[in-house]
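K.L.:
Chains as they are written, first to last, in UniProt numbering: chain A, 1 to 547; chain B, 1 to 355.
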Amino acid sequence: MTASTTDPEKDAKGPMLAADGTPLKKSLSRALRVQKLRALALVAPLLIFVLVTFIAPIADMLFRSVENQIVSNTMPKTTRALGDWDGTDLPPDAVFEDAYYDLFVAAERKEHTRLGSRLNYEMTGASSLFRKSGRGLDDIGEVYQDQFKDLDKNWDEAEPWAEMMGSEDWLEKEAAWEKGERLPKFRLRDGVEEMLPRTADQYSAFASFTHNEDRKSLLKEEPWSAVHTALYQDLSTRDVSGYSGPHADMLKAAAALVASPEFETVDFKEGFGEIDKDWLKPAIWRTLKLYAPKYTSGYFLNSVDMKLTPEGIEKRPENERIYLTLFKRTLFMSLVITCSCILLGYPVAYILSNLPSRQANLLMILVLLPFWTSLLVRTSAWKIMLQQQGVINDVLVWIGLVADDNRLAMINNQTGTIIAMTHILLPFMILPMYSVMSTIPKTYVRAAKSLGATDWTTFWRVYFPQSVPGIGAGSILVFILAIGYYITPEIVGGTTGTFISNRIAYHISTSLNWGLAAALGAILLAVVLLLYWAYDRIVGIDNVKLG
Amino acid sequence: MSACKKSYDGETLVVKDLNLSLPKGEFLTMLGPSGSGKTTCLMMLAGFETATHGEIKLDGVSINNIPPHKRGIAMVFQNYALFPHMTVAENLSFPLEVRKIGKSDREAKVKRALDMVEMGAFGGRRPAQLSGGQQQRIALARALVFEPELVLMDEPLGALDKQLREKMQFEITDLAHRLGITVVYVTHDQTEALTMSDRVAVFNDGRIQQLAPPDVLYEEPENSFVAQFIGENNTLEGTIAEIKGDTCVVKLDGGEVIDAKPVNVTKVGERTRVSIRPERVEYNKDRLQEGAHTLKAKVLEFIYMGDIFRTRLDVAGNRDFIIKTRNAPDQARLTPGTEIEIGWLPSDCRALDAN
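What follows is the structure, given as structure tokens:
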């Protein structure tokens, strides 16, 4: 082959080349890139809007179903210490000590009640226990605070503490601080941490709280009683005779007082016991240990009527099981609603698609009429229609079908929910069915009849299979809408006709157990996706047509 | 089927007073412009429309009150109407299934029908995977698979391109004659009607204008609608001056007097439209036959069409007078503007009604 005969299109071995010598594929993709970018730019505003206002909140919400950082964040020392505990009997004294300091800070930050509410989901009574303890912990510290104060008034003053604990640099900056400026970051004096480790730790915690939450100078705020407790613990175990920094005399006098036999002390365990007897039972500690990890399956287990226990996962007691029943009921009722929508909607859609367009449009307006009325109004109307003294019962009694003292209960139960929701969701079934049916040419029916099929065979073998995509689309629409429906079951459902969504709403707005609400929502979402997937496998999502 | 007689006396505007009988094995085409009632007639035969009046008989039995699926009349639709959710084989097997024919029998018949239209390898395909021509064959096979007494075809080739249409025209007639089935075929394409049919019924305004074999229809149209509708035609308007047996004298509006063959004119003084086929007009004096009638004409346009020449003339005030001449070596090509003399045999010149 000579060079002159090399034609890029005929040269089968090399890639096809464009006029400028670049591979054809490359130049094609370059040409398409501009188009793609423009398409992306057109979609971008909506995409961003959806991401920010829809996807992100949902993702955040779903994350809450496993998130459990509140326990380890609020009680870091305790959860760490509980890691070594075997879970039998009471935890060692050191755990009580850690719990004292953790809870003290949490109480100052007013976070202990939130932790209490969180643990209350797993153990009834935890909420009040924590609320009570927040107040009671002061009693332990005040024993020491009072004794040190009686020894030297300076122990209850802000400045001596700051001078003793803080570094020189920091003290200067803190003294120069004026309201409105940034507070200088607290730094410990060299050597304090080695000499008084607990005190240094507690004072640091106090310092960061005062700086960051209260926005006050440490030179103005006297430390809280946990610092005094820590000081007692340090002085009783450490030697401070070598100390020569600020207020050395004051510290040495305090050390002498602690060493003297008349110094009054409180055992942490007893202190907790005095606040509430429950602290001396293993249950609360087990719960704390169980829910110490940052992520938990607890909410999900709760959603399926299970429970995390130290012995493993087990079923909740009979009288606490509620969610599985609710899930089953939600699925069952959604299915019933979908089926009744198909049964009621199919003939209507059939008539609509076979009428001349003027009459079809008129009827279509009637189908769409419910959309023009508020959902609440329609649901409330059903309440009036269906109640025991309502229109339908009155008519039945008047006809004589039903005895006056034996009126039908059609509201505040499943019947009411099914009737009202079927009515509300019917247009969502009819519209896709109609649009699919109106694309089925009439000649198919004629062809089937000319081939010898009876009316029924024609319908069942020829018309119906072609209308299935419409049924599929309508069913998916109605079922997914029904499974997450909230307002109608809330109003007409009573106790037996409510859906899982009502429970989710309850946890979101009333019990404030967002984690559980998120877990229930996640399960609901998973069920919908699963059904969608199953539908795709069985019927094929390509068969869904909205027109 | 000795005689499929269908008589219908309707009050409706669509089909008026229709009488038609059809012997077994005939290929009859209903031809007419849209809205002439031919499809309505077909639908009445199939049973999708009811006759408001009159009687339709198949094999001497009235089928007026028999529903479509019991008539045993197959129908082929313009858009094929193959069921999209069934395979080709299932489509073909459908009419057999509804007739409760056994499975092995069914399969054999389906196979035979598919082979008949040379589509044996396509049984497993869906209609959407076939081309238009293939779908048409399957539709045909489906209509024939249950061996119906009568097959109705409603413009079955309307959606195909020209070449395919011509091929299918041949295949359909061939099949129909081979199997000896009776076919009623509806079309608005006159070429299709002429090439395929044993007889053609020309419809207009809800009436059959003429029912005749194609050659008779073309050569001897009975009224000016048929003359106009079938093939190309030149008309000259005038008044009957004299009728003598099978010739008459027509005085044209331009003053010329010509001889013609009276067809549906009866009395002197009546308005008439004289019809002459373009290919029966001759301008080469050497070729004029004896007894030909001549008229003066002026050439307006000459169109070379390959096999023929098409010349537009001004004859007796008609500026759309067309003549067609074969492209022969000795045939002169006319220049626009020249004055010539044209002629035709009076027997080719038919004096028809003036409507």
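Virtual Cβ for every residue (Gly too), placed ideally from N, Cα, C.
The structure displayed is predicted, hence computed values, not measured ones.
(1) Let me make sure I understand the geometry here. Which of B/I73, B/G25, B/T266 and B/S36 has the alpha-carbon closest to that of A/A447?
(2) Note down, in chain order, each residue of its chain lying with its Cβ closer than 8 Å to the Cβ of A/F300, except the 5 sequence neighbours on either side.
(3) What's the call for B/S131, buried or exposed, on a 16-neighbour Cβ count within 10 Å?
(4) Quick check: is the beta carbon of A/Y444 nearer than 8 Å to any beta carbon in chain B?
(5) Rounding to the nearest angstrom, what Cα-Cα distance links A/E174 and A/G166 in this structure?
(6) Over the uninterrupted beta strand (DSSP E) stretch that includes A/I480, give me the two end residues.
(7) DSSP puts B/R350 in a beta bridge; with which residues?
(8) Hey, B/L114 and B/A141 are a contact pair by Cβ (cut 8 Å); roughly how many whole angstroms apart?
(9) Using only the alpha-carbon positions, how far apart do A/T488 and A/G515 sit?
(10) Determine the direct distance from the alpha carbon of B/L217 to that of B/V202, and round the result to whole angstroms.
(11) State the CB to CB distance for the pair A/P223 and A/F206, rounded to an integer number of angstroms; the pair is presumed to be in contact (CB under 8 Å).
(12) Within 8 Å of any Cβ in chain B, is that where the Cβ of A/L355 sits?
(13) Determine the DSSP secondary structure at A/K149, reduced to helix, strand or coil.
(14) For the stretch 320 to 331 of chain A against the stretch 298 to 312 of chain A, are there 3 or more C-beta pairs whose distance is under 8 Å?
(15) For A/A403 and A/V395, what's the separation of their Cα atoms in angstroms?
(16) If contact means a Cβ-Cβ distance below 9 Å, which residues of the stretch 466 to 497 of chain A contact chain B?
(17) For a test of the three-state rule: what should DSSP assign to A/T457, helix, strand or coil?
(18) Taking the alpha-carbon positions, what's the B/L96 to A/Y444 distance?
(19) Would you report the Cα separation of A/K179 and A/G312, rounded to the nearest angstrom?
(20) Buried or exposed for B/H177, please, with buried defined as at least 16 other CB atoms from any protein chain shown within 10 angstroms of its CB.
(21) Would you check whether the ligand FAD has a heavy atom nearer than 7 Å to the C-beta of A/L530?
(22) Taking the alpha helix (DSSP H) that A/S353 belongs to, which residues open and close that run?
(23) B/K167: buried (16+ other C-beta within 10 angstroms of its C-beta) or exposed?
(24) Going by DSSP, which residues form a beta bridge with A/Y444?
(25) Quick one: list the residues of chain A neighbouring B/A74, beta-carbon separation under 8 Å, in chain order.
(26) Buried or exposed: A/S29, going by 16 or more other Cβ atoms within 10 Å of its Cβ?
(27) Under 8 Å, do A/S225 and A/E142 count as touching if we go by C-beta distance?
(28) Whole angstroms are fine: how far does the CA of A/F104 sit from the CA of A/R135?
(29) From B/A297 to B/A328, what distance separates their C-alpha atoms?
(30) Does DSSP put B/D320 in a helix, in a strand, or in coil?
(31) I want to see whether chain A comes within less than 8 Å of B/H53, judged by CB atoms only; does it?
(32) Please report the distance separating the alpha-carbon of A/T6 from that of A/P23.
(33) Assess, as a yes-or-no matter, whether the stretch 317 to 335 of chain B is touched by the stretch 232 to 249 of chain B under the definition of 3 or more beta carbon pairs within less than 8 Å.
(34) Could you check what DSSP says for B/H293 in three-state terms: helix, strand or coil?
(35) Answer yes or no: does any C-beta atom of chain B fall closer than 8 Å to that of A/P432?
(36) When Cβ atoms are compared, which residues of the stretch 86 to 98 of chain B fall closer than 7 Å to chain A?
P.N.:
A quick look at the data gives this:
(1) The residue labelled residue 447 of chain A in the question sits at position 447 within the first sequence. The residue with the shortest Cα to Cα distance from A/A447 is B/I73.
(2) Translated into the one-based positions of the first sequence, residue 300 of chain A becomes position 300. Closer than 8 Å at the Cβ level, and outside the excluded window around A/F300, lie S65, V66, A519, A522 and I523.
(3) On the second sequence, residue 131 of chain B is found 131 positions in, with the first residue counted as 1. Residue environment for B/S131: exposed (fewer than 16 other C-beta atoms within 10 angstroms of its C-beta).
(4) Residue mapping note: residue 444 of chain A aligns to position 444 of the first sequence, counting from 1. So, interface residue.
(5) Looking up residue 174 of chain A in the first sequence gives position 174. Looking up residue 166 of chain A in the first sequence gives position 166. Answer to the nearest angstrom: the Cα atoms are 10 Å apart.
(6) As a first step, residue 480 of chain A is located in the first sequence; it is residue number 480 there, counting from the start. Run containing A/I480: none in the beta strand (DSSP E); it sits in the alpha helix (DSSP H), F464 to I483.
(7) Within the second sequence, numbered from 1, the residue matching residue 350 of chain B stands at position 350. Under DSSP, B/R350 takes part in a beta bridge, and its partners are B/K261 and B/S275.
(8) Counting from one through the second sequence, the residue named residue 114 of chain B turns up at place 114. Counting from one through the second sequence, the residue named residue 141 of chain B turns up at place 141. About 6 Å separates the CB atoms of B/L114 and B/A141; that is less than 8 Å, so the two are in contact.
(9) Looking up residue 488 of chain A in the first sequence gives position 488. Looking up residue 515 of chain A in the first sequence gives position 515. Between A/T488 and A/G515, the C-alpha separation is close to 25 Å.
(10) For this step, residue 202 of chain B is matched to residue 202 along the second sequence. For this step, residue 217 of chain B is matched to residue 217 along the second sequence. Taking the straight line joining both Cα atoms gives about 9 Å.
(11) Looking up residue 223 of chain A in the first sequence gives position 223. Looking up residue 206 of chain A in the first sequence gives position 206. Distance from A/P223 to A/F206 at the Cβ level is roughly 5 Å; contact confirmed, criterion being Cβ atoms closer than 8 Å.
(12) Position 355 of the first sequence holds residue 355 of chain A. For A/L355, the answer is no, since every Cβ of chain B falls outside 8 Å of its Cβ.
(13) Within the first sequence, numbered from 1, the residue matching residue 149 of chain A stands at position 149. Reduced to three states, the DSSP call for A/K149 is helix.
(14) For the pair of segments examined, the stretch 320 to 331 of chain A was found to touch the stretch 298 to 312 of chain A: the number of CB pairs separated by less than 8 Å reaches three.
(15) What you label residue 403 of chain A is simply residue 403 of the first sequence in a count that begins at 1. What you label residue 395 of chain A is simply residue 395 of the first sequence in a count that begins at 1. Between the alpha carbons of A/A403 and A/V395 lies a distance of about 11 Å.
(16) Among the residues of the stretch 466 to 497 of chain A, those with a Cβ less than 9 Å away from any Cβ of chain B are Q466 and V468, in the order of the chain.
(17) Position 457 of the first sequence, counted from the start, is the residue given in the question as residue 457 of chain A. DSSP places A/T457 in helix when its eight states are reduced to three.
(18) Counting from 1 along the second sequence, the entry for residue 96 of chain B is found at position 96. Counting from 1 along the first sequence, the entry for residue 444 of chain A is found at position 444. Within the model, the alpha-carbon separation for B/L96 versus A/Y444 is close to 17 Å.
(19) As a first step, residue 179 of chain A must be located in the first sequence, where it is residue number 179. As a first step, residue 312 of chain A must be located in the first sequence, where it is residue number 312. Rounded to the nearest angstrom, the two C-alpha atoms are 54 Å apart.
(20) Sequence index remark: in the second sequence, residue 177 of chain B carries index 177 (1-based). By the 10 Å Cβ count, B/H177 comes out exposed.
(21) Among the components of this structure there are no ligands whatsoever, and the ligand FAD is therefore not found.
(22) Position 353 of the first sequence, counted from the first residue, corresponds to residue 353 of chain A. Element bounds for A/S353: Y323 to N354.
(23) What you label residue 167 of chain B is simply residue 167 of the second sequence in a count that begins at 1. With fewer than 16 neighbouring CB atoms inside 10 Å of its own CB, B/K167 falls in the exposed class.
(24) Numbered from 1 along the first sequence, position 444 holds the residue referred to as residue 444 of chain A. None, per the DSSP bridge assignment.
(25) Translated into positions along the second sequence, residue 74 of chain B becomes position 74. Close to B/A74, with beta-carbon spacing below 8 Å, are these residues of chain A in chain order: S450 and L451.
(26) Along the first sequence, one-based indexing puts residue 29 of chain A at 29. The residue is exposed, with fewer than 16 neighbouring Cβ atoms inside 10 Å.
(27) In the first sequence, counting from the first residue as 1, residue 225 of chain A sits at position 225. In the first sequence, counting from the first residue as 1, residue 142 of chain A sits at position 142. If you check the CB distance, A/S225 and A/E142 come in under 8 Å.
(28) For the purposes of this step, residue 135 of chain A is taken as the residue at position 135 of the first sequence. For the purposes of this step, residue 104 of chain A is taken as the residue at position 104 of the first sequence. Each residue's alpha carbon lies about 9 Å from the other.
(29) Residue numbering aside, residue 297 of chain B sits at position 297 when the second sequence is read from its first letter. Residue numbering aside, residue 328 of chain B sits at position 328 when the second sequence is read from its first letter. Distance between the alpha carbons of B/A297 and B/A328 is about 22 Å.
(30) For the purposes of this step, residue 320 of chain B is taken as the residue at position 320 of the second sequence. It is a strand residue.
(31) Position 53 of the second sequence holds residue 53 of chain B. No, because no Cβ of chain A sits closer than 8 Å to the Cβ of B/H53.
(32) Along the first sequence, one-based indexing puts residue 6 of chain A at 6. Along the first sequence, one-based indexing puts residue 23 of chain A at 23. With a pLDDT of 45 at A/T6, under the threshold of 50, the predicted position of this residue should be treated as unreliable, though the coordinate-derived value follows. Cα to Cα, the separation comes out at about 15 Å.
(33) Short answer: they touch.
(34) Working through the second sequence from its first residue, we reach residue 293 of chain B at position 293. In this structure, B/H293 counts as strand in the three-state DSSP scheme.
(35) In the first sequence, the residue the question calls residue 432 of chain A occupies position 432. So, not an interface residue.
(36) Across the stretch 86 to 98 of chain B, CB contacts with chain A closer than 7 Å involve F94, P95 and V98, in sequence order along the chain.
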